[in-house]
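*Asks:* Let me begin by handing over the structure; questions about it come next.
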DNA sequence: AATACATTATGTATAGTTTACGCGATAAAG
DNA sequence: CTTTATCGCGTAAACTATACATAATGTATT
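Chains as they are written, first to last, in the numbering used here: chain A, 312 to 556; chain Z, 312 to 556.
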C-alpha cells in the first residue's frame, strides 16, 4: 500500500503539490453510525445507546465512532459493530451520508450511516452501559443529533432491500418456521401478507431447505423448520430487466 | 438556523464540551463529485474534465469540488452542477461515499458521489477548458483517483434506478419518439428490448402524452412524438410490496 | 374420550402480466 | 413502382399474482 504522509521530504513534487492543496481545504470530522436491526417478539428492533454528550442527556443515539486516520470507512463500521456486539462477518452496507452543517453541536461532523442486520439471540449484550439495548423501531420518537432521520432512512432502505434480496435470514435463528419468516417480513414492511401465498412464494424460489424438524414448545400445531440456502442464492442472483413504475 | 462556532464564549458549557471533543477528532477534507449522465448518438455519456492535478496529468476526472464550511452536501453538489453546466433544478441524488484512505495522493479526502442526468442539447458547454466534454461511458477505461470506480457504481445505480422510476426523461428532449426512448433504455441497460413490448409497456403506464406531432427529417417513416406526463407520475408512484429475488 | 380451537399444509380458480412473434401500413430511396 | 426500414397494432401462450377453500394435525378444555 502506498503511503501519502505529506511529511516525507523525498516525495516527488507533484505529490507535494497535491498535499499542499489538500491541506488548504476546509476539513471536517468523519464518523460512522451503525443502524443495527434485530428481530424479537415479532418486532423490528434497533440497537441504541444513551448519548454520552451532555447536550443530548437522556436521549438515545446510534452506535457510532470516529473514523480513524488511515482507516477505511467500511472498516470503521465493522469495527464499531465488533466492539459493540462482538459480531463480525455479518451483513453491513453503506446507506447514506448525513452532513448537514448543524447536525452536531460540537462542529462540523459528517457521518456515514451503515445498516446491519443481526440475530438478537446470537449474542448476549454483556454490558448495558448507557442503556445499550434493543428498542422497537416503531416506539422511538426522538433521538440525539439527526439520528431519528438516519433510522428512518435506514428503515425505508431495509424495506426496499428485503424485497429484492433475502436479507431477512440474517435476523432469524438458523432454523425457523415459515410463520416466523412471514412475521419478520410483516414487521419490516409494516403490512400483512396472505399466509398461503407467502409460503408458495418462498417454496417456488427454492431457497429454503426443509430440515425435517418441527417446532418445539409452541402452543399449537408445530410447523416445519427450515434453513436458508445461502449457496443457492449466491449462485443465481436475479438478473433483472423490467421496467416497473 | 443555530450557529455552533465554538468561538462564542457565551455558549453553555455542554456545547463548549462538545466543541472541544469534536476538535480532538482526526479530520478529513470533504468533496463532492458529480457523475453527470447525458444521452447523445444513442450512447450514454458522462461529463468529464482533465484532472488539474499534476499527478494525474492527462487523465480524466469527474466534476467535483470541496464542500465549503457550513455548506450542506447536497448544496455543494448543486453548486458544482450549476457552475459547470449552468443548470439547476435537475435531478441530483447522492449515491455513495468513497473514503479509501489512499484515494487521494494529497492526503485524506472523502468524496460523496452524486448522480445527475441531463439533456445534452439543453445547454451548450461554453467553455471547454481542460477538455471538459461528454464522453461515452463505454469508452472510458481509466480515470484519475478512484473515479473509474465511482462511474461504475453510478452507472449500476442508474441501471437499477431507471427501472423503478422514469428518470430517463431527463435525458431526452421534451418531445421524443418511442424509438428514442427505447434507444435510451437500451443504452443505459446494455440490453436490447422488443420494440413492440416496449411500446406496449409505456402505453399501459399512461405516462406519455401524444402531442399529435411527427418526427421530422428522419430517413424513414416518421414516428409520433410524445411528452412525458410528469404530473401523472408524481401522483401515482408505485406502491410496492412484492418479494422478488 | 370427545370437542373446540388454532394453526399448518396444500390446492384451485381467476385475473393480470410478460413474452414472443405476426402482419399490414407508411414513408424514403432507388 | 419496387424495395427497404420502421411504425403501429394485435394475438396467443406462458408465466405470475391474488383471493379464497378445505383437510390435517397439534394443544387445550370439558
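No residue lacks a Cβ here, since even glycine has one placed at the ideal position from N, Cα and C.
Keep in mind it's a predicted model, so treat the numbers as computed, not measured.
Which partner residues of residue 345 of chain A appear in the DSSP bridge assignment?
*Replies:* Residue 345 of chain A is bridged to A:374, A:425.
*Asks:* Could you check whether the Cβ of residue 474 of chain A sits closer than 8 angstroms to any Cβ belonging to chain Z?
*Replies:* Closer than 8 angstroms to some Cβ of chain Z, the Cβ of residue 474 of chain A qualifies, so yes.
*Asks:* Give me the DSSP bridge partner(s) of residue 525 of chain Z.
*Replies:* Z:535.
*Asks:* Assuming the contact rule is C-beta atoms closer than 8 angstroms, residue 341 of chain Z and residue 357 of chain Z should be a hit. Round their C-beta distance to whole Å, please.
*Replies:* Contact doesn't hold; Cβ gap of about 22 angstroms is too wide.
*Asks:* Output, in sequence order along the chain, the residues in the segment 514-546 of chain Z whose CB is closer than 9 angstroms to any CB in chain A.
*Replies:* Of all residues in the segment 514-546 of chain Z, 516, 518, 544 have a Cβ within less than 9 angstroms of some Cβ in chain A.
*Asks:* So, are the CB atoms of residue 537 of chain Z and residue 521 of chain Z less than 8 angstroms apart?
*Replies:* Cβ distance < 8 angstroms, so residue 537 of chain Z and residue 521 of chain Z count as in contact.
*Asks:* Identify every residue that forms a DSSP beta bridge with residue 444 of chain Z.
*Replies:* In the DSSP output, where bridge partners are listed per residue, residue 444 of chain Z has Z:359.
*Asks:* Could you pull the DSSP bridge partners for residue 340 of chain A from this structure?
*Replies:* DSSP, once it has assigned bridges, lists A:420, Z:338 as partnering residue 340 of chain A.
*Asks:* Under three-state DSSP, which class holds residue 314 of chain Z?
*Replies:* For residue 314 of chain Z, the pLDDT reaches just 43, beneath the cut-off of 50, and the residue's location in the model is therefore unreliable, although a value from the coordinates is still provided. Note: residue 314 of chain Z maps to coil in three-state DSSP.
*Asks:* 8 angstroms is my cut-off, CB to CB: does residue 371 of chain A come that close to chain Z?
*Replies:* Answer no: the Cβ-Cβ gap between residue 371 of chain A and chain Z never drops below 8 angstroms.
*Asks:* Which residue wins for smallest C-alpha separation from residue 351 of chain Z, given the options Z:525, Z:496, Z:505?
*Replies:* Nearest C-alpha to residue 351 of chain Z: Z:496.
*Asks:* I need the DSSP call for residue 556 of chain A, collapsed to helix, strand or coil.
*Replies:* Of the three classes helix, strand and coil, the one that applies to residue 556 of chain A here is coil, per DSSP.
*Asks:* In the DSSP assignment, what residue or residues form a beta bridge with residue 520 of chain A?
*Replies:* The partner list for residue 520 of chain A (beta bridge, DSSP) reads A:538.
*Asks:* Just verifying my parser: in three-state terms, what is the DSSP assignment at residue 402 of chain A?
*Replies:* Coil.
*Asks:* Take residue 353 of chain Z and list the residues in its own chain whose beta-carbon comes closer than 7 angstroms to its own, dropping the five residues that flank it on each side.
*Replies:* Only 494, 498 meet the Cβ criterion.
*Asks:* I'd like to confirm the pairing. Which residues does DSSP put opposite residue 351 of chain Z in its beta bridges?
*Replies:* The partner list for residue 351 of chain Z (beta bridge, DSSP) reads Z:354.
*Asks:* So, at 7 angstroms on beta carbons, what are the nonlocal neighbours of residue 378 of chain A in its own chain, with the 5 sequence-adjacent residues on each side left out?
*Replies:* Counting only Cβ-Cβ distances below 7 angstroms, and skipping sequence neighbours, we find 341, 342, 343, 384, 387.
*Asks:* One question on the structure: do residue 381 of chain A and residue 412 of chain Z come within less than 8 angstroms of each other, judged by their Cβ atoms?
*Replies:* Going by C-beta atoms, residue 381 of chain A is nearer than 8 angstroms to residue 412 of chain Z.
*Asks:* For residue 419 of chain A versus residue 339 of chain A, is the C-beta distance shorter than 8 angstroms?
*Replies:* Yes, these two residues count as a Cβ contact at 8 angstroms.
*Asks:* Short of 7 angstroms in beta carbon distance, which residues of its chain neighbour residue 366 of chain Z, apart from the five on each side in sequence? Order them along the chain.
*Replies:* Once the five neighbours on either side are set aside, the close Cβ partners of residue 366 of chain Z are 416.
*Asks:* At a cut of 8 angstroms, does the segment 510-521 of chain Z reach the segment 424-444 of chain Z through at least three beta carbon pairs?
*Replies:* Not touching, per the Cβ criterion.
*Asks:* For the alpha helix (DSSP H) containing residue 497 of chain A, name the first residue and the last one.
*Replies:* Taken as a continuous stretch (DSSP letters only), the alpha helix (DSSP H) holding residue 497 of chain A covers 489-500.
*Asks:* Pick from Z:372, Z:335, Z:527, Z:539: whose alpha carbon is nearest that of residue 481 of chain Z?
*Replies:* Selected option, being the one with the closest Cα: Z:539.
*Asks:* Residues in the same chain with beta-carbon distance under 7 angstroms from residue 402 of chain A, minus the five sequence neighbours each way, listed in chain order, please.
*Replies:* Closer than 7 angstroms at the Cβ level, and outside the excluded window around residue 402 of chain A, lie 427, 428, 478, 481.
*Asks:* Are the CB atoms of residue 465 of chain Z and residue 502 of chain Z nearer to each other than 8 angstroms?
*Replies:* No. Outside cutoff.
*Asks:* Output the boundary residues of the alpha helix (DSSP H) element that contains residue 466 of chain A.
*Replies:* That run of the alpha helix (DSSP H) goes 458-475.
*Asks:* Less than 8 angstroms between the beta carbons of residue 368 of chain Z and residue 442 of chain Z, yes or no?
*Replies:* The answer is no: Cβ separation not under 8 angstroms.
*Asks:* How about residue 338 of chain Z: is its C-beta nearer than 8 angstroms to some C-beta of chain A?
*Replies:* Yes, contact with chain A.
*Asks:* Could you tell me the alpha carbon to alpha carbon distance between residue 430 of chain Z and residue 476 of chain A, rounded to whole angstroms?
*Replies:* Their Cα atoms are separated by approximately 33 angstroms.
*Asks:* Taking all protein chains shown into account, decide if residue 335 of chain A is buried (16 or more other Cβ within 10 angstroms of its Cβ) or exposed.
*Replies:* The residue is exposed, with fewer than 16 neighbouring Cβ atoms inside 10 Å.
*Asks:* Do you know how far the Cα of residue 451 of chain A is from the Cα of residue 504 of chain A?
*Replies:* Roughly 25 angstroms separates the two Cα atoms.
*Asks:* Would a C-beta distance cut-off of 8 angstroms place residue 355 of chain Z and residue 448 of chain Z closer than the cut-off?
*Replies:* Contact: yes.
*Asks:* With DSSP as the reference, label residue 407 of chain Z as helix, strand or coil.
*Replies:* Strand.
*Asks:* Near residue 399 of chain Z, what residues of its chain come up, given a Cβ to Cβ distance below 6 angstroms and the 5 sequence neighbours on each side ignored?
*Replies:* Answer for residue 399 of chain Z: 393, listed in chain order.
*Asks:* Which first and last residues belong to the alpha helix (DSSP H) in which residue 396 of chain Z is found?
*Replies:* Residue 396 of chain Z -> alpha helix (DSSP H) spans 384-396.
*Asks:* With DSSP run on the structure shown, which of helix, strand or coil describes residue 545 of chain Z?
*Replies:* Residue state, collapsed to three classes: helix.
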